[in-house]
Amino acid sequence: MDILGDGWTLLVLREIFYGESRFDGFIDSLGIARNTLTDRLRRLEAAGLLQRHPYQSEPVRHEYLLTDKGRDFFGALAAINAWGDRWLADDDGIPVVMHHTACGHDTQAKVVCSSCGESLHHQDIAVRTGPGYPARLLDSPDVQARFAMDGRPNE
Numbered sequence: 145m146d147i148l149g150d151g152w153t154l155l156v157l158r159e160i161f162y163g164e165s166r167f168d169g170f171i172d173s174l175g176i177a178r179n180t181l182t183d184r185l186r187r188l189e190a191a192g193l194l195q196r197h198p199y200q201s202e203p204v205r206h207e208y209l210l211t212d213k214g215r216d217f218f219g220a221l222a223a224i225n226a227w228g229d230r231w232l233a234d235d236d237g238i239p240v241v242m243h244h245t246a247c248g249h250d251t252q253a254k255v256v257c258s259s260c261g262e263s264l265h266h267q268d269i270a271v272r273t274g275p276g277y278p279a280r281l282l283d284s285p286d287v288q289a290r291f292a293m294d295g296r297p298n299e
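Residue numbers (the numbering used here): 145 to 299.
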């Protein structure tokens, strides 16, 4: 969330997925302050989601391109977009349509189980600590109460 939890950061990534890659283009499409945009681009570059590439030498200007890590964020952004389409679209309809070129249909993101392909719903999910959870916290009663240690969904 330190990297992606900011609204401007999500909007910059959205614009990159929509095809924008240049600083002035972000300014025009988002109406973002130059210093704010500079900060978000630097943060995304430092986190490894973007790479800066020069496209002009006099003066030097850069475009921002997605890395593999950045491209992998598309699913999360598409899921946010699908939620917005469902709950925030007005009577005119959704603002942007995603078209799946591989099958030729308009689509929306759907979160599914990677094993069985069924839709994921929070009431059907049990969370447990993973191998990267801080070991020093595992014996905490709060942690044990928060996570479904017996495999049943939290209620």
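Where is the CB? At the ideal position from N, CA and C, for every residue including glycine.
Keep in mind that this is a model prediction, so the values were computed, not measured.
Taking C-beta separations shorter than 7 Å and ignoring five residues to either side along the sequence, the partners of Tyr208 in its chain run Ile160, Ser165, Leu185, Leu194 and Arg196, following chain order. Arg184 carries a helical assignment under DSSP once its states are collapsed to helix, strand and coil.
Contact check for Thr153 and Arg187: beta-carbon distance about 7 Å, within the 8 Å limit, so the pair qualifies. When C-beta atoms of the stretch 234-248 are compared with those of the stretch 200-215, fewer than three pairs fall below 8 Å, so the two segments do not count as touching.
Around the beta carbon of Val156, 16 or more other beta carbons lie within 10 angstroms, which makes this residue buried.
The residues Val256, in chain order, have a CB closer than 6 Å to that of Ser263 in the same chain once the five nearest residues on each side in sequence are set aside. Exposed is the label assigned to Gly151, since fewer than 16 other Cβ atoms lie within 10 Å of its Cβ. Per DSSP, Val204 is one residue of the beta strand (DSSP E) stretching across Val204 to Leu210. DSSP places Thr251 inside the beta strand (DSSP E), whose first and last residues are His249 to Thr251.
A direct Cα-to-Cα measurement between Phe291 and Asp268 gives close to 14 Å.
Distance from the CA of Asp250 to the CA of Lys213, rounded to the nearest whole angstrom, comes to 25 Å. Tyr199 and Tyr277 have their C-alpha atoms spaced approximately 42 Å apart. Its Cα nearest to that of Ala270, the residue Gln288 stands out among Asp283, Gln288, Leu281 and Asp146.
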